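Residue numbers (our numbering), protein chains in the order written: chain A, 1 to 277; chain B, 1 to 124.
For every residue, glycine included, the Cβ atom is placed at its ideal position computed from N, Cα and C.
The model shown is predicted, which means the values in this text are computed figures rather than measured ones.
Inspection log for the structure reproduced underneath, given as structure tokens.
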Amino acid sequence: MSSGRRPEHQAPPDIYYNETEAKKYTQNSRMIEIQVQMTERALELLSLPEDEPALLLDLGCGSGLSGSVLEDNGHMWVGLDISRAMLEVALEREVEGDLVLSDLGQGIPFRAGMFDGAVSISALQWLCNADQATHKPAKRLYKFFSMLYTSLSRTARAIFQFYPENPDQIELVTTQATKAGFFGGLVVDYPNSTKAKKYFLVLMVSSSAALPKALGTESDNTTIAFSKDRAKFKKFHGKPLKKSKDWILEKKERRRRQGLATREESKYTARRRCGKF
Amino acid sequence: MKLLTHNMLSSKCIKGVNLGYPLGIEARDIKVSKVDFNSEFVTRIIPKLDYKTLYGAAEKLGHATDLPQTVVENFESNEDFLQKVHHVLLEVEVIDGDLICPETGRKFPINAGIPNMLINEDEV
């Protein structure tokens with residue numbers, strides 16, 4: 001993504017996600033599909049106990065597309081977002097979860113130990129920007145992560161899908177998360193693809209279990225890609241093989257340089273004669 | 001806003017506030033809607049709840065008539081009690097009103113069922 005197209009460079013989130021932008025999230029089926037896919041993957045990374053309804057936190061829930069996925073999996077959720085227009089779209093969609101208007105950088109306004117997990121789809125990169133003179137991204141991220149840490153239960157995980165702009169942002173986010181007490185790290189799905197590549201920050205409250213495996217990384221070192229082309233070793237030894245087409249062409253070129261009469265190249269040059277001769 | 005959310009919300013984001021819990025509640029408009037009953041979820045959530053706050057909020061909204069004042073024993077098997085908690089927790093919603101910080105008295109307005117927990121930069 002070129003830097004000019006990043007929405008967080010255009011306006012603060014409460015301004016950027018106005019009525020027109022919010023409407024896209026109910027009408028644009030491609031946007032909806034991507035959001036749903038990423039939420040499903042985030043839910044997989046949460047690795048909640050199966051068939052147990054959980055209470056989840058959706059950070060930057062927007063129009064509640066991700067929340068709908070959580071509902072479909074039988075979970076109850078509470079969503080936080082800074083854009084009123086987006087939350088109004090969520091109300092229109094009649095999501096089951098409860099919605100709260102709040103700025104993630106000001107902290108999570110919940111008491112300790114309540115949630116079984118947290119998901120966040122494409123929201124974290126907004127916190128890396130200073131939209132006001134008083135905003136300090138590192139400070140805001142630390143407040144956010146430390147208050148999130150307390151509001152989660154002991155076995156919980158928090159999964160953030162986000163679009164880091166550069167390696168410095170990844171560094172900034174992971175440093176503040178570790179400082180707040182989280183274990184975990186970054187899982188990159190499809191790292192060799194430009195479009196399907198997705199960053200998931202997997203944070204764990206209690207001692208670090210192994211990070212989940214990223215998708216699309218299997219076939220990297222173990223196999224060699226099949227190619228129909230034969231390996232050619234042209235000019236491997238400096239001089240082409242005698243009687244080969246290259247040898248004949250080179251010979252004609254040399255004779256031309258010597259000023260000798262040489263026939264022009266045609267499609268018959270260096271062709272083998274048919275067997276009659 | 002459901003009372004489940006009220007049971008968890010606090011105003012500790014404000015500078016100088018220690019606990020900020022429980023938030024006072026003033027309702028001007030209440031809606032009761034139907035939500036599917038999930039006994040497993042209610043059973044799991046009851047130990048985490050601050051039941052006194054829940055009862056207080058339900059009383060304030062006038063929906064505490066048949067809710068017991070304390071958690072009954074063996075609530076896991078008490079279907080009737082679970083139904084009552086489910087009703088208060090998920091079906092009663094505050095559409096319009098205010099939440100009040102117990103320490104500073106600051107008001108957080110609730111509009112269209114969404115509590116506005118945004119605070120000014122000088123309060124952070």
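Test item: CB-CB of residue i and residue j under 8 Å
i: A112/A; j: G60/A; result: no
i: D103/A; j: I121/A; result: no
i: L101/A; j: I114/B; result: yes
i: V188/A; j: A214/A; result: yes
i: S42/A; j: I170/A; result: Rather than Ser, the amino acid found at residue 42/A in this sequence is Ala. The answer is no: Cβ separation not under 8 Å.
i: G107/A; j: F144/A; result: yes
i: T262/A; j: R255/A; result: yes
i: Q35/A; j: L65/A; result: yes
i: A22/A; j: M86/A; result: yes
i: G117/A; j: R140/A; result: no
i: D122/B; j: P109/B; result: no
i: L23/B; j: I100/B; result: yes
i: M114/A; j: M117/B; result: no
i: G216/A; j: S193/A; result: yes
i: E165/A; j: Q125/A; result: yes
i: S146/A; j: F110/A; result: no
i: I46/B; j: V71/B; result: yes
Sequence-distant residues of its chain with Cβ nearer than 7 Å to residue i (five each side left out)
i: I119/B; result: C13 and I14
i: F37/B; result: Q83 and H86
i: H75/A; result: P53, A54 and L56
i: L260/A; result: none
i: S207/A; result: F183
i: W247/A; result: P240 and L241
i: L3/B; result: L54, A57, A58, V88, L89 and V92
i: Y149/A; result: A180, G181, F182 and V205
i: T20/A; result: none
Chain A contact for residue i (CB, 8 Å cutoff)
i: V92/B; result: no
i: L153/B; result: Because chain B here runs from 1 to 124, residue 153/B falls outside it and cannot be looked at.
i: F81/B; result: no
i: V17/B; result: no
i: Y55/B; result: no
i: C13/B; result: yes
i: E121/B; result: yes
i: I114/B; result: yes
i: Y51/B; result: no
i: V124/B; result: yes
i: L136/B; result: Beyond the ends of chain B as shown, which are 1 and 124, falls residue 136/B; an answer cannot be given.
Cut-off 8 Å between Cβ atoms - residues of its own chain near residue i, not counting five sequence neighbours on either side
i: G42/B; result: Correcting the residue identity first, residue 42/B is Val in this sequence and not Gly. So the qualifying residues of the chain are L82, V85, H86 and L89.
i: G67/A; result: D58, C61, W77, G79, A90, V95, E96 and G97
i: L45/A; result: R157, I159, V187, F200, V202 and P212
i: M1/A; result: Unreliable placement is indicated for M1/A, whose pLDDT of 44 sits below 50; the coordinate value is still reported in the next sentence. Y163.
i: K197/A; result: V188, D189, Y190 and P191
i: R278/A; result: Residue 278/A is absent from the model: chain A starts at 1 and stops at 277.
i: E71/A; result: W77, V95, E96 and G97
i: R154/A; result: G113, V205 and S206
i: N73/A; result: L43
Interface flag, residue i vs chain B, CB-CB below 8 Å
i: P13/A; result: no
i: P164/A; result: no
i: T217/A; result: no
i: F145/A; result: no
i: D72/A; result: no
i: R111/A; result: yes
i: T134/A; result: yes
i: L45/A; result: no
i: W125/A; result: Contrary to the premise, residue 125/A reads as Gln rather than Trp in this sequence. Chain B contact via Cβ: absent.
i: M1/A; result: Note that M1/A scores 44 on pLDDT, short of 50, meaning its location in the model is unreliable; the coordinates nonetheless yield the value given after this. By this cut-off, M1/A is not an interface position.
i: L55/A; result: yes
i: V69/A; result: no
Neighbourhood of residue i by C-beta, 6 Å cutoff - its chain only, sequence neighbours within 5 removed
i: D131/A; result: P12
i: Y21/B; result: S10
### Query
Is the region 18-37 of chain B touching the region 33-53 of chain A in the sense that three or more CB pairs, one from each, lie closer than 8 Å?
The answer is no - the region 18-37 of chain B does not touch the region 33-53 of chain A, with fewer than three Cβ pairs under 8 Å.
### Query
Which runs of the beta strand (DSSP E) fall wholly inside the region 132-194 of chain A and span at least 3 residues, in chain order?
If one requires a minimum length of 3 residues, the beta strand (DSSP E) runs lying completely within the region 132-194 of chain A are 157-162 and 183-189, in chain order.
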